[in-house]
Amino acid sequence: MTAFPKLSELTVSEKLQMMESFVWHGEILVQRENALRQGSDHFSAWDTAKANIRKRVC
66 MTAFPKLSEL TVSEKLQMME SFVWHGEILV QRENALRQGS DHFSAWDTAK ANIRKRVC
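Printed below as a string of structure tokens:
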């Protein structure tokens, strides 16, 4: 049986390494990267994104 250290004893880096990586997240990242390369998606400046969100919500 494998003994694991207590969570409180791990560094942040060790905790992140132990976290499960979800397959679907990798798939979404690949799709997003492909869309960026093809020009069908783009990044917005943070200030622009916030303004757009405020317009939709308010």
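Here the sequence shown is numbered in the working numbering, starting from 66 and rising by one per residue.
The beta-carbon is built from N, C-alpha and C at its ideal position, and this holds for glycine as well.
Could you tell me the distance, in whole angstroms, from the CA atom of residue i to the CA atom of residue j?
| i | j | result |
| --- | --- | --- |
| glutamine 82 | arginine 97 | 24 Å |
| histidine 107 | lysine 80 | 32 Å |
| threonine 76 | threonine 113 | 36 Å |
| serine 73 | methionine 84 | 15 Å |
Which residues bound the alpha helix (DSSP H) around residue i?
| i | result |
| --- | --- |
| methionine 83 | 77 to 83 |
| leucine 101 | 88 to 103 |
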